[in-house]
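K.L.:
First the structure, which I've put down as structure tokens, then a few questions once you've had a look.
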Amino acid sequence: MPKTVSNKIFCPLLNKEIEEGYCWELCNIATNDVLLEGDTVTDWDAAQKTCDKCGRFNEEE
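Take the sequence shown: its letters are residues 17 to 77, numbered as in this note's numbering.
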């Protein structure tokens, strides 16, 4: 059976450890459609500012 690859990082938006791919989705897709069960974002404009401050997936890179 193949091993599961996990690359967890701390997300300041959700204030918890998440997979790096989920981080990318939150930063770049930024809709409620990408949220996993139990996660909530009430203001996507404020969320984008949090993601920009974190800087993991800035557009300039």
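We put the beta carbon where it would ideally sit given N, CA and C, even for glycine.
1) Helix, strand or coil for K19? Go by DSSP, reduced to three states.
2) Considering only DSSP beta bridges, list what C27 is partnered with.
3) Assign L30 to one of two classes, buried (16 or more other C-beta atoms within 10 Å of its C-beta) or exposed (fewer than that).
4) With 16 as the cutoff for other CB atoms within 10 Å, does L52 come out buried or exposed?
5) Go to D61, then tell me how far its alpha helix (DSSP H) extends in each direction, as first and last residue.
6) Run through DSSP, which three-state label would G6 get?
P.N.:
For this structure:
1) Within the sequence shown, numbered from 1, the residue matching residue 19 stands at position 3. Coil.
2) Start at 1 with the first residue of the sequence shown, and residue 27 comes out as number 11. The partner list for C27 (beta bridge, DSSP) reads K32.
3) Counting from 1 along the sequence shown, the entry for residue 30 is found at position 14. Buried, because 16 or more other Cβ atoms sit within 10 Å of the Cβ of L30.
4) Walking along the sequence shown from the start, residue 52 turns up at place 36. Classification of L52: exposed, given that the 10 Å Cβ count is below 16.
5) In the sequence shown, residue 61 corresponds to position 45, counting from 1. Start and end: W60 to C70.
6) Here the chain has residues from 17 to 77 only, and residue 6 is not among them.
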